[in-house]
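A.B. asks:
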Amino acid sequence: MSRPVVIVPGRQAPRRWLVTGAAGMLGADLVALLRADPAATVTALTRAELDVTDAAAVAAAVDGHDVVVNTAAWTDVDGAETHEAEATAVNGGAVSTLATACAATGARFLTVSTDYVFDGKGEEPYDEYAATDPINAYGRSKLVGEQAVLAVLPETGYIVRTAWLYGAHGANFVRTMLRLAGERETLDVVDDQVGQPTWTGALAGQLIALGQADRAPAGIYHGTASGQTSWFSLARAAFEEAGLDPERVRPTTSDKFVRPAERPKYSVLGHDRWAEAGLPPLGDWREMLASSGVAAPSRAV
Ligand SMILES: NC(=O)c1ccc[n+]([C@@H]2O[C@H](COP(=O)([O-])OP(=O)(O)OC[C@H]3O[C@@H](n4cnc5c(N)ncnc54)[C@H](OP(=O)(O)O)[C@@H]3O)[C@@H](O)[C@H]2O)c1
571 MSRPVVIVPG
581 RQAPRRWLVT
591 GAAGMLGADL
601 VALLRADPAA
611 TVTALTRAEL
621 DVTDAAAVAA
631 AVDGHDVVVN
641 TAAWTDVDGA
651 ETHEAEATAV
661 NGGAVSTLAT
671 ACAATGARFL
681 TVSTDYVFDG
691 KGEEPYDEYA
701 ATDPINAYGR
711 SKLVGEQAVL
721 AVLPETGYIV
731 RTAWLYGAHG
741 ANFVRTMLRL
751 AGERETLDVV
761 DDQVGQPTWT
771 GALAGQLIAL
781 GQADRAPAGI
791 YHGTASGQTS
801 WFSLARAAFE
811 EAGLDPERVR
821 PTTSDKFVRP
831 AERPKYSVLG
841 HDRWAEAGLP
851 PLGDWREMLA
861 SSGVAAPSRA
871 V
């Protein structure tokens, strides 16, 4: 089983949380988890309630909070190729705006970034200090946000890079596979991209733990599951969890699925830095998938 979420009600100083992008896949799980903690007061703002590109609205929203967690983002990776300026306004400019607002009030700031800041040409896990070199517009836009946080909040800014997210809310690979299972006898899934499938519920717990941590040094952390797998193996695992025949999933290669944005081939991140914060990294991806319940038979379409 994945490790339980680290929440210690009533002890930590930070209690007033602001979550942006609260209706997103990660945002929804984060808000639900925070609301389960009686010691936390939570302001959860959806895009309709706070457009993070509106600097005046951001400054007003940040005021009165101890910890601000930004889960809002332009997440249309292919769309970013033809709308890079718009993607960068959200993933770069707005992150800078949020960081500046937090600098003004002293709030701790956590923002979520991506494995796509790396080129994916590596062969061993990228550590938190590895050189970045994004190969698509989305990755470049997220890197702009990272650099802003490091510059504006060197002591109180936290960047949590994640990857291959799935959850109960919103569209994601695991849910898509289970939907397609109801529509097709076999599925061809790429076996030449490797990464760390990560449940939004587990990442939400990790963000809360970091937001509460007494002595966590600022900077970059890698919030992905441990281990590694391919999309093909993840699809087979989701079928297993759903009680479906995994042999219905067949391996193929990325050249059969050419998309507007190039994807990194190797998206495996190292997790050493959590030790500096006194926190365990996220657990193994396969156990996490099982404990998430996202692919449970009741969820299969
Ligand atoms: N999903 C993944 O596999 C993955 C991988 C690596 C990193 N990440 C990062 O993880 C974080 C959470 O991703 P997610 O999968 O939960 O994404 P998501 O489901 O797309 O949620 C993002 C939310 O941000 C909102 N948003 C977009 N523009 C906004 C704006 N200008 N102001 C306020 N809100 C805005 C979206 O609203 P609308 O839906 O109304 O546009 C959406 O509710 C993001 O930082 C993402 O870049 C995700």
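The sequence shown maps to residues 571 to 871 in my numbering.
Cβ coordinates follow ideal geometry from the N, Cα and C atoms, glycine included.
Between Ala650 and Arg617, is the Cβ-Cβ spacing less than 8 Å?
C.D. replies: Contact: no.
A.B. asks: Verify the contact flag: Ala593, CB atom, against every heavy atom of ligand 1, threshold strictly below 7 Å.
C.D. replies: Yes, the Cβ of Ala593 comes within 7 Å of a heavy atom of ligand 1.
A.B. asks: Exposed or buried, what is Tyr891 when buried is set at 16 or more other beta-carbons lying within 10 Å of its beta-carbon?
C.D. replies: Outside the displayed span of the chain (571 to 871) sits residue 891, for which this structure offers no information.
A.B. asks: Please determine, among Thr794, His841, Gly793, Val759, the residue with the shortest C-alpha to C-alpha distance to Arg806.
C.D. replies: That would be Val759, whose Cα lies nearest to the Cα of Arg806.
A.B. asks: Given Asp761, which residues of its chain have a CB within under 8 Å of its CB, disregarding the five upstream and five downstream residues?
C.D. replies: Taken in chain order, the residues that qualify are Ser800, Trp801, Phe802, Ser803, Pro821, Thr822, Thr823.
A.B. asks: Residues in its own chain within less than 7 Å of Gly600 by CB, not counting five upstream and five downstream?
C.D. replies: It should be pointed out that residue 600 corresponds to Leu in this sequence rather than to Gly. Only Val589, Val639, Thr641, Ala774, Leu777 meet the Cβ criterion.
A.B. asks: May I ask you to report which of helix, strand or coil DSSP gives Thr645?
C.D. replies: Looking at Thr645 - three-state DSSP - the assignment turns out to be coil, as it is neither helix nor strand.
A.B. asks: Hey, Ala592 and Ala614 are a contact pair by Cβ (cut 8 Å); roughly how many whole angstroms apart?
C.D. replies: At roughly 4 Å, the Cβ-Cβ gap stays under 8 Å, so Ala592 and Ala614 are in contact.
A.B. asks: Beta strand (DSSP E) containing Thr525: first to last residue?
C.D. replies: Here the chain covers residues 571 to 871 and nothing more, so residue 525 does not appear.
A.B. asks: Leaving out the 5 sequence neighbours to the left and right, which residues in its chain are closer than 8 Å to Ser711 when beta-carbon positions are compared?
C.D. replies: Excluding residues within five positions, the ones whose Cβ falls inside 8 Å are Trp644, Ala650, Glu654, Ala657, Thr658, Val660, Asn661, Gly662.
A.B. asks: Is the beta carbon of Thr681 closer than 8 Å to that of Val632?
C.D. replies: It is not a contact, given that the beta carbons lie outside the stated cut-off.
A.B. asks: Just the C-alpha distance for Arg581 and Leu604, rounded to the nearest angstrom, thanks.
C.D. replies: In this predicted model, Arg581 has a pLDDT of only 46, less than 50, meaning its place in the structure is not dependable; the value taken from the coordinates is given anyway. Arg581 and Leu604: Cα-Cα distance of roughly 14 Å.
A.B. asks: Looking at the secondary structure, which residues open and close the beta strand (DSSP E) in which Tyr728 lies?
C.D. replies: 727-732 is the extent of the beta strand (DSSP E) around Tyr728.
A.B. asks: Report whether the distance from the Cβ of Lys835 to the nearest heavy atom of ligand 1 is below 7 Å.
C.D. replies: No, the Cβ of Lys835 stays beyond 7 Å of every heavy atom of ligand 1.
A.B. asks: So, using beta-carbon positions, are Trp769 and Val864 closer together than 8 Å?
C.D. replies: Yes, they are a contact pair.
A.B. asks: May I have the straight-line CA-CA distance separating Leu713 from Ala701, to the nearest angstrom?
C.D. replies: So the two alpha carbons sit approximately 11 Å from each other.
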